[in-house]
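Input: a single structure, listed below in structure tokens.
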Amino acid sequence: MLGGGITEENIVVISGPPGVGKTVFSMQFLLNGCALFDEAGLYVSFEDEAALKRSFRGFRFELEKNLEDERISTLKLDASEKNVDEIVSKIRDAARKNSVKRIVLDSATLLKKLIIKNESEDAKTRRLLNGLRDTGCTAFIVLSLIHISEPTRPY
């Protein structure tokens, strides 16, 4: 699907309406990193690890094995967290602690609703992207599009 793959240390936004496979695609990105390149991954979400395992139980992924072997680690964000710098710090710390090369942030849609309050949306988005870039990891940001008002056009 991606031809030559994703360039290392890139940040890629995976977006689309609910149910199209954004989370599955992102998890496959982490699992392929483990299996094909011996790269550890970090899954950042508002779900706990048990919910993540339930979500992927029907798939033939080796998610549980990689979680047990600590090849994939999880970071559960708390819905009460509103400070983008603290969130970035937690992601950065987890990435260093687990020597990860790949990060998935799922879902940025909820994160955006929680942290965008007083400061401009652009400033917080830049700080989040810069924080992810500072990890030196390749990252996927999952973004759910609830309303698609006009067709997406390629550039």
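To convert, count from 1 in the sequence shown and add 209; that's the numbering used here.
Virtual Cβ for every residue (Gly too), placed ideally from N, Cα, C.
All of these numbers come straight from a predicted model, not from anything done at the bench.
Check                                                                                                                                                              : Outcome
Given this structure, state the Cα-to-Cα distance separating residue 294 from residue 341, to the nearest angstrom.                                                : 11 Å
Suppose you measure from the CA of residue 349 to the CA of residue 288; what does that come to, to the nearest Å?                                                 : 20 Å
Buried or exposed, going by whether 16 or more other CB atoms sit within 10 Å of the CB of residue 337?                                                            : buried
Using a Cβ-Cβ cut-off of 8 Å (strictly less than) and excluding sequence neighbours within five positions of residue 284, which residues of its own chain qualify? : 251, 252, 253, 254, 299, 300 and 303
Rounded to whole angstroms, what's the CA-CA distance from residue 329 to residue 335? Just pull it up for me.                                                     : 10 Å
Going by DSSP in three states, residue 233 sits in which element: helix, strand or coil?                                                                           : helix
For residue 315, does the count of other Cβ atoms within 10 angstroms reach 16, so buried, or fall short, so exposed?                                              : buried
State the Cα-Cα distance for the pair residue 271 and residue 292, rounded to the nearest angstrom.                                                                : 34 Å
From this set, 219, 310, 235 and 262, which residue's C-alpha is nearest residue 352's C-alpha?                                                                    : 235
Do you know offhand how far residue 259's Cα is from residue 228's?                                                                                                : 20 Å
Which residue or residues does DSSP assign as beta-bridge partners of residue 349?                                                                                 : 221 and 313
Based on the DSSP secondary-structure assignment, which residues constitute the bridge partners of residue 253?                                                    : 284 and 314
Going by C-alpha to C-alpha distance, which of 263, 273 and 214 sits closest to residue 245?                                                                       : 214
State yes or no: is the C-beta of residue 224 within less than 8 Å of the C-beta of residue 354?                                                                   : yes
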